[in-house]
Amino acid sequence: MKKVGEAVKKYFSDKSLYIFLAVTILFFGIFFAVQYAPDTYSVFTTELNAMVEHFFSCGRYITGIALYIIKGIFGASNETVYALSYIFAIICSTLSLYELNKILGKEISNKFICMLVTILLIINPFSLEMFFYVEKGIMMLSILLCVLAVKEIIKYFEGNKKAIIPALILMFIANCCYQGTVGLVVAISLIYIIKYSKNIKDFIINNIVVALVYGIPAVLNFITIRLFFSNSRVSGEVNLSESLSKILTGTKRMLVDTYDILPHFLFLAAIAIALIVLIYKLVTEIKENKARILLALGAVYIIAGTMFATIAPQMMQATDSIWFVARSSYPAAALLGLLIAYLFMNFKFKNVENIIIEILIILFLVVQYICFSTFMIDNYIGGYKDKEIALQIKDLITKYEEETGNKIDTISIYHDSNMQYVYPGLNVSGDMNIKAYSADWCVPQILKFYTGRDFKVVENNEQIKEDFSQNNWEYFDKDQIIFNENVMNLCVF
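Okay, structure coming up:
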């Protein structure tokens, strides 16, 4: 017991823990107040058992269990659910940084650069979307579990063969939290596969070990979904040529555009600089051609392996469900940090070189911070606009009911001629910052959230549909609503 107490004391007395906490709050502190995505309204208004079943059908069992415990057993309010999830996300992010920094600290002697590399890996450009959903705490738990699994894989490489068991368990739980992040365990493990492979045989065996740690839990999670639930992502049709086309397009958006989160080409430019530094070091410091070739191939292997770990899950889905967005591409955004870590694991740098690299990393993180902040602020603006429209609709319903005596309990949802998925002037990326009214399934959810009413959704009236389609609204107008007895015909714009 005394040893446990000493370990805990040592843990909390480590200054780096608080540095990483400050960094996490710096990047994601804006979201301390409740923020909304279309999915949030669904989580907050859908009957609890149905919502839990939805998460289960996606293989996200930890999310479903956590929601049931917090709302079902303890009866927590929506605001409490959000607050607990946010705090847990901050804790998991901080611990992920802290644990990975300890792992990399054994390879990178420069402590400051080690911290910067750790931040590049965990709070990478695609980590932004993890914080856009109410289940952000569980999504960040998945990342923490991946880091802890890497820790066990390293123990295995160092001779502790039993470490494979906790690695598999950690990765299964990670898959049951969120599947989009689990490729991180492969990405980080790649640099350790290289380190602990003294020959081709070791290299092959180590790759198989990491593939099993990644693959077995993922397959088990996939099987449970197929056996016990109906989910279009795993049970729909696969059109190989169309799937490949979507994957190629998605990969381009991921690497070149970074889903419009960062300025286009910035991420690729940063990777290119890292590769130029590698080539410079190979030419100036490595004398043997064989060693040069092996080190160069190591970088190619890291890039190829990371991309495969990111893209492979998309290939397992039905063609219609392939959807490249930041949250499902998280491992790829760790590539910059991985290449820099690889550099410092294999080369020594002069003080002036260290300073230049530090400045470049900090500049990249500053740009990323500004982009993150812009998206987060725009999220609150979009959420306010969604709320404003919902309250206007509520007032119109109340006025109609008072004048006619009819009770509105049914809605029919229409579109104008040019549907907008984001409010003008706001930044959007994939599902981030889209209007709540851009998804038909979300319309009754947000209206329920702000009016307290359940609305039955019915088919369109063809004449009303034709009339609405002749218009192109830029902002909400009372003319977008036509009441007919107990039905509200609502045109979203």
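Straight run, no breaks: the sequence shown in numbering that gives the first Met the number 0 ends on number 492.
Don't be surprised by glycine CBs; every beta carbon is placed ideally from N, CA and C.
Since this is a predicted model, take the numbers as computed values, not measurements.
Range covered by the beta strand (DSSP E) that runs through residue i
i, result
"residue 95", "Not the beta strand (DSSP E): residue 95 falls in the alpha helix (DSSP H), residues 77-104."
"residue 482", "480-483"
"residue 487", "486-491"
Local Cβ density within 10 Å of residue i, reported as buried at 16 or more and exposed below that
i, result
"residue 12", "exposed"
"residue 249", "buried"
"residue 483", "exposed"
"residue 496", "With the chain covering only 0 through 492, there is no way to say anything about residue 496."
"residue 264", "exposed"
"residue 70", "buried"
"residue 479", "buried"
"residue 225", "exposed"
"residue 181", "buried"
"residue 28", "exposed"
"residue 438", "buried"
"residue 22", "buried"
"residue 243", "exposed"
"residue 68", "exposed"
"residue 95", "buried"
"residue 49", "exposed"
"residue 394", "exposed"
"residue 159", "exposed"
"residue 7", "exposed"
"residue 385", "buried"
"residue 424", "exposed"
"residue 220", "buried"
"residue 129", "buried"
Three-state secondary structure assigned by DSSP to residue i
i, result
"residue 57", "coil"
"residue 131", "helix"
"residue 237", "coil"
"residue 286", "coil"
"residue 209", "helix"
"residue 73", "coil"
"residue 418", "coil"
"residue 308", "helix"
"residue 424", "coil"
"residue 156", "helix"
"residue 377", "helix"
"residue 438", "coil"
"residue 463", "helix"
"residue 352", "helix"
"residue 475", "coil"
"residue 111", "helix"
"residue 315", "coil"
"residue 228", "coil"
"residue 249", "helix"
"residue 363", "helix"
"residue 469", "coil"
"residue 328", "coil"
"residue 493", "An answer regarding residue 493 cannot be provided, because it is not within the stretch 0 to 492 covered by the chain."
"residue 197", "coil"
"residue 391", "helix"
"residue 451", "coil"
"residue 443", "helix"
Supposed close pair residue i, residue j - CB separation, criterion 8 Å
i, j, result
"residue 475", "residue 432", "That pair is no contact at about 18 Å."
"residue 305", "residue 340", "Residue 305 to residue 340, Cβ: 12 Å. No contact."
"residue 189", "residue 169", "No, residue 189 and residue 169 are not in contact; Cβ-Cβ is about 18 Å, not under 8 Å."
"residue 309", "residue 236", "Rounded, the Cβ-Cβ distance is 23 Å, inconsistent with contact."
"residue 366", "residue 261", "7 Å"
"residue 487", "residue 410", "5 Å"
"residue 91", "residue 140", "5 Å"
"residue 493", "residue 212", "Within the shown structure, residues of the chain are numbered from 0 to 492, placing residue 493 beyond reach of any answer."
"residue 344", "residue 107", "7 Å"
"residue 65", "residue 137", "6 Å"
"residue 156", "residue 191", "6 Å"
Residue(s) in a DSSP beta bridge with residue i
i, result
"residue 413", "490"
"residue 456", "410"
The alpha helix (DSSP H) enclosing residue i, as first and last residue numbers
i, result
"residue 431", "Where residue 431 is concerned, there is no enclosing alpha helix (DSSP H), given that its DSSP letter is neither H nor E."
"residue 19", "14-27"
"residue 39", "37-44"
"residue 404", "Careful: residue 404 lies outside any alpha helix (DSSP H) and carries neither H nor E."
"residue 182", "182-194"
"residue 339", "334-345"
"residue 166", "163-176"
is_contact[residue i, chain C] using C-beta, thresh 9 Å
i, result
"residue 471", "As a matter of chain content, chain C is missing from the structure shown, which is built from one protein chain."
heavy atom of the ligand HEM below 8 Å from residue i C-beta
i, result
"residue 174", "No copy of the ligand HEM appears in this structure; indeed no ligand is present at all."
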